[in-house]
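**Q**
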Amino acid sequence: MKKFCSAMNILLIEILGFIFVIVAIWIDELFHLPHYLFGEPMVPFLLREAIWESGFVGILGFVVIVATWRSYKRITQLESLLPICMICKKIRKPNTDPELDESWQTVEHYISDHTNSRFSHGLCPTCALHKYGTRLGPEQ
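In this text, residue positions in the sequence shown follow my numbering: the first is 377, and each later residue adds one.
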């Protein structure tokens, strides 16, 4: 949830930034800021120019915000991948060296550390057959 809030904050800052640029375009067009700030000659108010510039900035803002949202989704998808051993199914702890034995922990420990779950072990029929050569359970 915290990562989602930070992503929303980034998107909000981007939106506010593009709104600020559009407002600055209109203020410049209405009040001729270069004339007052730098002594440039007065330019007549051009409604069409302000609309085109605002539209261009709006489209650019939309593209940037969509790209940011897609990047956020991709990053969260990649961060959600768990490195797991293909043989023993141990999970590597985040930001640890995969070559070190202490970098790996059992699935039970990982889930217990990251959730409120507790484990109780059992034996499924397939594993019982593979390990003991017999099926466990009610007699048939």
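Glycine is no exception: its CB is placed at the ideal position from the N, C-alpha and C atoms.
Pull up the distance between the alpha-carbon of Q516 and that of A504, whole angstroms please.
**A** Counted from its first residue, the sequence shown places residue 516 at position 140. Counted from its first residue, the sequence shown places residue 504 at position 128. Its pLDDT being 42, under 50, Q516 is placed unreliably by the model, and nothing is read from it.
**Q** Using the Cα positions of A443 and R511, report the straight-line distance between them to the nearest angstrom.
**A** Position 67 of the sequence shown, counting from 1, holds the residue named residue 443. Position 135 of the sequence shown, counting from 1, holds the residue named residue 511. Each residue's alpha carbon lies about 54 Å from the other.
**Q** Reducing DSSP to helix, strand and coil, say where R511 ends up.
**A** Here residue 511 refers to the residue found at position 135 of the sequence shown. Of the three classes helix, strand and coil, the one that applies to R511 here is coil, per DSSP.
**Q** Specify the secondary structure class of Q516 as computed by DSSP and reduced to three states.
**A** On the sequence shown, residue 516 is found 140 positions in, with the first residue counted as 1. Since pLDDT at Q516 reaches only 42, below the 50 mark, its modelled position is unreliable, and the value read off the structure follows with that caveat. Reduced to three states, the DSSP call for Q516 is coil.
**Q** Determine which residues share a DSSP beta bridge with W480 and list them.
**A** As a first step, residue 480 is located in the sequence shown; it is residue number 104 there, counting from the start. According to DSSP, which records beta bridges pairwise, W480 is partnered with R468.
**Q** Let me know if W480 comes out buried or exposed under the rule of 16 or more other beta-carbons within 10 Å of its beta-carbon.
**A** Taking the sequence shown and counting its residues from 1, the one referred to as residue 480 is at position 104. The residue is buried, with at least 16 neighbouring Cβ atoms inside 10 Å.
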